Amino acid sequence: MSTTEILGYCAAFLTTASFLPQALLTLKTRDTSSLSLTMYSMFTTGVLLWLIYGIKKADNALIFANSITLFLSACILGFKVYNVMFKNG
Numbered sequence: 002m003s004t005t006e007i008l009g010y011c012a013a014f015l016t017t018a019s020f021l022p023q024a025l026l027t028l029k030t031r032d033t034s035s036l037s038l039t040m041y042s043m044f045t046t047g048v049l050l051w052l053i054y055g056i057k058k059a060d061n062a063l064i065f066a067n068s069i070t071l072f073l074s075a076c077i078l079g080f081k082v083y084n085v086m087f088k089n090g
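According to the working numbering, the stretch in the sequence shown is residues 2 to 90, in order.
Now the structure itself:
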């Protein structure tokens with residue numbers, strides 16, 4: 002494994018791990034009242050595009066990190082959309 006690949010995996014781990022505590026809290030409480038629907042929509046779309054980019058480049062670090070982050074952010078976005086549509090928040 003090259004130094005560049007190690008750097009990529011470290012970056013992927015840190016960015017995904019930094020998102021994890023907030024994602025788990027939101028998934029546990031399902032409270033999305035303080036989250037912006039616009040921001041989460043844009044964020045989730047951006048993560049999807051990074052995943053597609055990683056697949057096109059065959060970059061395993063990008064694929065790994067963005068697959069996990071996309072799953073978590075899509076779940077949170079789903080809760081946010083549900084809360085906006087059915088719970089006014």
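In this text, a Cβ means the ideal position worked out from N, Cα and C, and glycines have one as well. Computed from a predicted structure; not experimentally measured.
With respect to the alpha helix (DSSP H) encompassing residue i, which residues constitute its N-terminal and C-terminal limits?
i     : result
Thr70 : Asn61 to Phe87
Thr46 : Leu38 to Lys58
Taking residue i as the reference, give the member of the options with the closest Cα.
i     : options                       : result
Ala75 : Leu15, Ala13, Ile7 and Thr27  : Thr27
Leu50 : Ser35, Thr39 and Ala66        : Ala66
Ala24 : Thr46, Asp60, Phe72 and Tyr10 : Phe72
Ile64 : Asp32, Thr4 and Thr17         : Thr17
Tell me whether residue i is buried or exposed, calling it buried when 16 or more other Cβ atoms sit within 10 Å of its Cβ.
i     : result
Phe80 : buried
Ala13 : buried
Thr39 : exposed
Ile53 : exposed
Ile7  : exposed
Indicate the three-state DSSP secondary structure (helix, strand or coil) for residue i in the structure shown.
i     : result
Leu25 : helix
Ser19 : helix
Thr4  : helix
Thr33 : coil
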